[in-house]
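Okay, structure first, notes after.
In this note's numbering, the protein residues as written are 80 to 153.
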């Protein structure tokens, strides 16, 4: 069900929004159509799966910021 709703929203945004327009807000942090398109190209996934992956990444980043967790290269 979530996938169907997300697909419908993405399709609607793709038809009505500018190329780099905001497609999804995650805790007031935007994910743009451009980011979704780039994720699709890099991963080979469809728009819904790419958006899901970006949402998951964004949630992880925001949670890490809230908990003051940082990752450093060693």
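Quick reminder that beta carbons are idealized off the backbone N, C-alpha and C, glycines included. Note that the structure is predicted; figures quoted are calculated from it, not measured.
What separation, rounded to the nearest whole angstrom, lies between the Cα atoms of residue 139 and residue 104?
Walking along the chain shown from the start, residue 139 turns up at place 60. Walking along the chain shown from the start, residue 104 turns up at place 25. Each residue's alpha carbon lies about 14 Å from the other.
* When the Cα atoms are used, what is the spatial distance from residue 133 to residue 152? -> For the purposes of this step, residue 133 is taken as residue 54 along the chain shown, with counting starting at 1. For the purposes of this step, residue 152 is taken as residue 73 along the chain shown, with counting starting at 1. Answer to the nearest angstrom: the Cα atoms are 22 Å apart.
Problem - residue 129 - DSSP class collapsed to helix/strand/coil - result: The residue you call residue 129 lines up with position 50 of the chain shown. DSSP places residue 129 in helix when its eight states are reduced to three.
**Prompt:** Could you give the distance in angstroms between the alpha-carbon of residue 110 and the alpha-carbon of residue 127?
**Reply:** Numbered from 1 along the chain shown, position 31 holds the residue referred to as residue 110. Numbered from 1 along the chain shown, position 48 holds the residue referred to as residue 127. Rounded to whole angstroms, residue 110 to residue 127 spans 13 Å at the Cα level.
Quiz item: So, are the CB atoms of residue 119 and residue 129 less than 8 Å apart?
Solution: Along the chain shown, one-based indexing puts residue 119 at 40. Along the chain shown, one-based indexing puts residue 129 at 50. Closer than 8 Å, so yes.
Contact with chain C by residue 145, beta-carbon distance below 8 Å:
Chain labels in this structure do not include chain C; a single protein chain is all it has.
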